[in-house]
Amino acid sequence: MSNQRQHPRTPMKCRIRISHPDIGDVYGQTRDLSDGGVFVENPDLAALAAGTIVEGQVQDMPIEAPILKMIIQRRIAGEGAGLAFVDDEEDL
Numbered sequence: 018m019s020n021q022r023q024h025p026r027t028p029m030k031c032r033i034r035i036s037h038p039d040i041g042d043v044y045g046q047t048r049d050l051s052d053g054g055v056f057v058e059n060p061d062l063a064a065l066a067a068g069t070i071v072e073g074q075v076q077d078m079p080i081e082a083p084i085l086k087m088i089i090q091r092r093i094a095g096e097g098a099g100l101a102f103v104d105d106e107e108d109l
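Printed below as a string of C-alpha cells:
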C-alpha cells in the first residue's frame, strides 16, 4: 500500500483539549502533526463518527492558543483519532 498523505507528519507531543457536545471537553496528547491535521491520543475520541466537526485548542502555552475547527478523519479504537484542520466552510 502506498502512502497517500498530502503532508508529511512530524512527531509532536503537546496537551490538547477537544470539545464536542456529545463528549464535552476531553484532553489528550498529540502524537503527530502535519500542515493538514493532527492525531490526538484519547480513547474517548473514537466514540465520534468520522466526519464529525470538533474544536481543538493546544493547552499549557504561555499565551492562550487559538481554538481551531477540525474534522474527524479516522478513528482507532482504544487510541484516539486523526483530525484534519478545517480552514472554512468550504472544507466541510
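Per the numbering used here, the sequence shown runs over residues 18 to 109. Virtual Cβ for every residue (Gly too), placed ideally from N, Cα, C. Just so it is clear, the structure is predicted and the values come from calculations on it, not from any experiment.
Using the C-alpha atoms, what's the distance from residue j back to residue i?
{"i": "residue 29", "j": "residue 53", "result": "14 Å"}
Where does residue i land, buried or exposed, given buried means 16+ other C-beta within 10 angstroms?
{"i": "residue 87", "result": "buried"}
{"i": "residue 84", "result": "exposed"}
{"i": "residue 97", "result": "buried"}
Near residue i, which residues of its chain fall below 7 Å by C-beta distance, leaving aside the five closest residues on each side in sequence?
{"i": "residue 68", "result": "88, 89"}
{"i": "residue 19", "result": "Model confidence at residue 19 stands at a pLDDT of 49, short of 50, so the residue's coordinates are unreliable and nothing is read from them."}
Among all the DSSP beta bridges, which residues are the ones paired with residue i?
{"i": "residue 27", "result": "50"}
{"i": "residue 87", "result": "71, 102"}
For residue i, which residues from the same chain have a beta carbon less than 6 Å from its beta carbon, with the 5 sequence-adjacent residues on both sides left out?
{"i": "residue 99", "result": "56, 90, 91"}
{"i": "residue 48", "result": "56, 58"}
Within the same chain, show all residues whose beta-carbon is closer than 8 Å to that of residue i, passing over the 5 residues directly before and after it, in chain order.
{"i": "residue 25", "result": "51"}
{"i": "residue 95", "result": "60, 63"}
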